[in-house]
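In this note's numbering, the protein residues as written are 3 to 120.
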């Protein structure tokens, strides 16, 4: 029951931050931003857990399953991609996936640098 509550709190914060970002970066740019930042944070979170284990497992649940799953958004990404012109949609899909993977790798690198510094 505690994990369910923690996920709910993380989801609440992530969803509200996502809404806040969308007021300043509406449309494709806001969705792109939160998905790339979320990919970086998830990459860091998961690799940090694997390499250093500084964060408690409950923190991973709160941030991964709660916060990041509500902060990032695949459904909005897909909808906005098909609502625009075909060229912009393709650029958005390719750019989002490319930058998402790069962001995960940067998050992993950041987690590894913390491990090496310890």
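The beta-carbon is built from N, C-alpha and C at its ideal position, and this holds for glycine as well.
- Inter-residue distance for residue 44 and residue 87 is about 30 Å (C-alpha atoms, whole angstroms).
- Straight across, the Cα-Cα distance linking residue 90 with residue 76 is about 17 Å.
- Here DSSP, grouped into helix, strand and coil, assigns residue 75 to coil.
- With respect to residue 37, residue 74 sits close: the two C-beta atoms are nearer than 8 Å.
- Note that the C-beta distance between residue 78 and residue 33 is below 8 Å.
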